[in-house]
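Protein chains: 2
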Amino acid sequence: MHTIYLVDDEVNLNRVLVKYLEQEGWQVKSFTSGEAAASAIIEKPDLWILDIMLPDVDGFQLIKRIKAHDETTPVIFISARDEDIDKIIGLEMGSDDYIAKPFLPRELVIRVKKILARTYVTPKTGVIRYGDYTIYPEKRIIEENGQEIDLTSKEYDLLILFATQIGTPMSREQILISVWGDDYFGSDRVVDDLVRRVRKKLSKLELETIYGIGYRLVAA
Amino acid sequence: MHTIYLVDDEVNLNRVLVKYLEQEGWQVKSFTSGEAAASAIIEKPDLWILDIMLPDVDGFQLIKRIKAHDETTPVIFISARDEDIDKIIGLEMGSDDYIAKPFLPRELVIRVKKILARTYVTPKTGVIRYGDYTIYPEKRIIEENGQEIDLTSKEYDLLILFATQIGTPMSREQILISVWGDDYFGSDRVVDDLVRRVRKKLSKLELETIYGIGYRLVAA
DNA sequence: TGATTCTCCCATAATTTTGCGGAAATCCTT
DNA sequence: AAGGATTTCCGCAAAATTATGGGAGAATCA
Numbered sequence: 049m050h051t052i053y054l055v056d057d058e059v060n061l062n063r064v065l066v067k068y069l070e071q072e073g074w075q076v077k078s079f080t081s082g083e084a085a086a087s088a089i090i091e092k093p094d095l096w097i098l099d100i101m102l103p104d105v106d107g108f109q110l111i112k113r114i115k116a117h118d119e120t121t122p123v124i125f126i127s128a129r130d131e132d133i134d135k136i137i138g139l140e141m142g143s144d145d146y147i148a149k150p151f152l153p154r155e156l157v158i159r160v161k162k163i164l165a166r167t168y169v170t171p172k173t174g175v176i177r178y179g180d181y182t183i184y185p186e187k188r189i190i191e192e193n194g195q196e197i198d199l200t201s202k203e204y205d206l207l208i209l210f211a212t213q214i215g216t217p218m219s220r221e222q223i224l225i226s227v228w229g230d231d232y233f234g235s236d237r238v239v240d241d242l243v244r245r246v247r248k249k250l251s252k253l254e255l256e257t258i259y260g261i262g263y264r265l266v267a268a
Numbered sequence: 049m050h051t052i053y054l055v056d057d058e059v060n061l062n063r064v065l066v067k068y069l070e071q072e073g074w075q076v077k078s079f080t081s082g083e084a085a086a087s088a089i090i091e092k093p094d095l096w097i098l099d100i101m102l103p104d105v106d107g108f109q110l111i112k113r114i115k116a117h118d119e120t121t122p123v124i125f126i127s128a129r130d131e132d133i134d135k136i137i138g139l140e141m142g143s144d145d146y147i148a149k150p151f152l153p154r155e156l157v158i159r160v161k162k163i164l165a166r167t168y169v170t171p172k173t174g175v176i177r178y179g180d181y182t183i184y185p186e187k188r189i190i191e192e193n194g195q196e197i198d199l200t201s202k203e204y205d206l207l208i209l210f211a212t213q214i215g216t217p218m219s220r221e222q223i224l225i226s227v228w229g230d231d232y233f234g235s236d237r238v239v240d241d242l243v244r245r246v247r248k249k250l251s252k253l254e255l256e257t258i259y260g261i262g263y264r265l266v267a268a
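Quick mapping for you: the protein sequence lines, in order, are chains A and B. Per our numbering, the first sequence starts with residue 49, numbered consecutively. Per our numbering, the second sequence starts with residue 49, numbered consecutively.
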């Protein structure tokens with residue numbers, strides 16, 4: 049689940065936007081002042097939505113501090129003033145998108161979805177962290193506190209499948225197709241076996257069995 | 049089939065729009081006054097189309113009452129005045145779309161289609177909120193104030209059935225088919241049992257029994 | 001080729017969920 | 001308020017699903 053931090057001093061709009069964003073299942077925290085938002089930068093939300101005009105610390109200063117803290121955090125600007133828009137577009141503010149007031153809340157939701165998709169659909173490139181484990185998908189390596197753990201190829205396939213779908217239950221059918229391919233005709237039970245092996249090697253991985261459904265990796 | 053309620057006091061436009069909407073196979077009811085429309089809110093159409101300028105109760109008041117009755121009902125505004133449009137977009141009107149007069153009827157039809165598709169085709173993507181509960185259908189998870197509650201697979205199937213059909217009474221027959229499949233030949237009584245178990249685990253879920261009929265999930 | 005590892009499968013045990021009978025409680029009708 | 005129908009509740013047994021240990025065959029690698 050993604051966390052989104054919203055900064056806007058118009059309390060009404062703020063409240064509405066929070067409602068819409070939460071409707072999508074995101075965890076939202078909202079701020080009405082730039083100063084309050086600034087002190088939350090260390091909490092590293094997955095995305096920021098910033099109004100430019102704020103009573104104290106304005107959006108431009110905020111984005112600088114956000115990006116200074118973590119260059120990759122996506123930011124969406126919202127603003128009413130045309131000159132601001134020009135500034136956002138013209139300068140290299142590092143903003144990932146902007147939206148001019150007035151706008152429909154669902155328009156904002158659409159943009160957030162796009163950006164999150166762009167940022168998180170490609171976890172293949174980055175590393176995945178899960179508790180003490182660090183997974184390097186492209187290298188097919190998993191470390192526990194820097195100590196590499198040996199996995200066989202199927203074990204690794206399974207790990208990646210779950211690690212990229214944390215929280216989502218996977219049926220044996222889905223697992224078979226993903227790990228063995230759709231031309232496998234043996235028994236379902238090999239999945240149990242593979243799960244057993246992975247559990248044994250990665251004891252801190254919460255691979256939960258969902259009776260009658262399949263398995264799921266519980267969020268760390 | 050979807051039911052659409054249209055509110056516009058211009059009788060000519062009203063008639064034309066009804067024709068176009070019915071052309072799509074939707075069941076349309078039209079009103080020329082806000083008061084008449086207001087008393088039809090309890091009929092829960094799938095979508096409302098509201099003109100803002102009405103002789104008596106205006107569109108803004110109407111949407112408040114519609115959303116108060118059921119937060120999720122989609123609403124499309126139509127209006128001629130620019131200032132209205134600004135109001136719709138900017139403020140927390142909860143409108144799902146708007147369209148400025150004059151417009152082509154088929155433009156309206158397109159927007160209605162989009163919204164219906166969004167609302168009904170993808171109930172799986174969004175989360176469902178019911179009082180303190182948050183349901184993540186695709187993850188087969190339900191949380192009460194962030195605290196996950198364990199459900200068995202049939203219990204979850206039942207929950208989803210009701211949660212996606214809030215307010216609609218379901219017969220035992222329907223529940224059997226939906227949860228057990230149409231090839232189940234045991235007794236009806238298992239439904240009672242399942243309902244009992246779900247009630248026990250989710251005590252704040254208002255699963256009302258309708259004597260002689262079945263059960264219904266009362267809106268939170 | 002031989003040794004080692006990996007994968008698959010089977011049988012059995014352990015676990016979880018579900019079904020069912022009957023009694024108690026509740027609801028509706030008269 | 002009584003009586004019949006319906007629903008709820010309870011606990012246990014049956015059924016379904018999953019975990020586990022062990023062994024055979026396949027693949028891999030030196």
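The C-beta atom is built at its ideal place from N, Cα and C for all residues, glycine as well. In this text, all values refer to a predicted model and were calculated from it rather than measured experimentally.
I'd like to check one pair, residue j with residue i: are the Cβ atoms closer than 7 Å?
{"i": "Arg220 of chain A", "j": "Asp236 of chain A", "result": "yes"}
{"i": "Phe62 of chain A", "j": "Ser78 of chain A", "result": "The amino acid occupying residue 62 of chain A in the given sequence is Asn; Phe does not appear at that position. In contact: Asn62 of chain A and Ser78 of chain A (Cβ atoms closer than 7 Å)."}
{"i": "Thr51 of chain B", "j": "Asp94 of chain B", "result": "yes"}
{"i": "Trp96 of chain B", "j": "Val59 of chain B", "result": "no"}
{"i": "Asp205 of chain B", "j": "Val239 of chain B", "result": "no"}
{"i": "Glu70 of chain A", "j": "Val76 of chain A", "result": "yes"}
{"i": "Ile147 of chain A", "j": "Ile114 of chain A", "result": "no"}
{"i": "Arg267 of chain B", "j": "Gly194 of chain B", "result": "Here residue 267 of chain B is Ala; the residue named in the question, Arg, does not match the sequence. Cβ distance not < 7 Å, so Ala267 of chain B and Gly194 of chain B don't count as in contact."}
{"i": "Val55 of chain A", "j": "Asp106 of chain A", "result": "no"}
{"i": "Pro217 of chain B", "j": "Arg264 of chain B", "result": "yes"}
{"i": "Ile163 of chain B", "j": "Asp144 of chain B", "result": "yes"}
{"i": "Glu186 of chain A", "j": "Arg245 of chain A", "result": "no"}
{"i": "Ala128 of chain B", "j": "Lys149 of chain B", "result": "yes"}
{"i": "Gly179 of chain B", "j": "Lys249 of chain B", "result": "no"}
{"i": "Val175 of chain A", "j": "Tyr184 of chain A", "result": "yes"}
{"i": "Leu255 of chain A", "j": "Val243 of chain A", "result": "yes"}
Which whole-angstrom value is the C-beta distance of residue i and residue j, which I expect to be below 8 Å?
{"i": "Ser201 of chain B", "j": "Tyr53 of chain A", "result": "Not confirmed; about 36 Å, so no contact."}
Are at least three pairs of beta-carbons, each pair with one atom in the segment 105-117 of chain B and one in the segment 66-84 of chain B, less than 8 Å apart? Because the criterion of three Cβ pairs below 8 Å is met, the segment 105-117 of chain B and the segment 66-84 of chain B touch.
I want to know whether the segment 204-213 of chain B touches the segment 171-191 of chain B - three or more CB-CB distances under 8 Å. At 8 Å Cβ cutoff, the stretches touch.
Residues, ordered as in the chain, of the segment 214-228 of chain A that lie near chain B by beta-carbon distance below 8 Å: Going along the segment 214-228 of chain A in chain order, one finds Gly215, Thr216, Pro217 with a Cβ nearer than 8 Å to chain B.
Report the residues of the segment 242-264 of chain A with a CB closer than 9 Å to any CB of chain B, ordered along the chain. Within the segment 242-264 of chain A, Ile258, Tyr259, Gly260, Ile261, Arg264 place their CB atoms closer than 9 Å to a CB of chain B, listed in sequence order.
Along the segment 96-115 of chain B, where does the CB come closer than 7 Å to a CB of chain A? Name the residues. Of all residues in the segment 96-115 of chain B, none has a C-beta nearer than 7 Å to a C-beta of chain A.
With 8 Å as the limit, tell me which residues of the segment 186-200 of chain B have their beta carbon closer than that to any beta carbon of chain A; keep them in chain order. Glu186, Lys187, Arg188, Ile189, Thr200
Let me know the beta strand (DSSP E) ranges lying completely inside the segment 183-233 of chain A, each 3 residues or longer, listed in chain order. As for any beta strand (DSSP E) of minimum length 3 sitting wholly inside the segment 183-233 of chain A, the runs are 189-192, 195-197, ordered along the chain.
Which runs of the beta strand (DSSP E), 3 residues or longer, sit entirely within the segment 80-164 of chain B? 95-99, 123-127, 145-148
Identify each residue in the segment 70-90 of chain A for which the Cβ-Cβ distance to at least one residue of chain B is less than 7 Å, and report them in chain order. Under the 7 Å Cβ criterion, the segment 70-90 of chain A contributes Gln71, Glu72, Gly73.
Got a sec: which bits of the segment 144-159 of chain A sit with their beta carbon under 7 Å from any beta carbon on chain B, in order along the chain? Residues of the segment 144-159 of chain A whose Cβ lies closer than 7 Å to any Cβ of chain B, in chain order: Lys149, Pro150, Phe151, Leu152, Arg154.
Which residue spans inside the segment 52-81 of chain B form an unbroken beta strand (DSSP E) run of at least 3? 75-79
For a minimum of 4 consecutive residues, which ranges assigned as the alpha helix (DSSP H) are wholly contained in the segment 237-266 of chain A? 237-249
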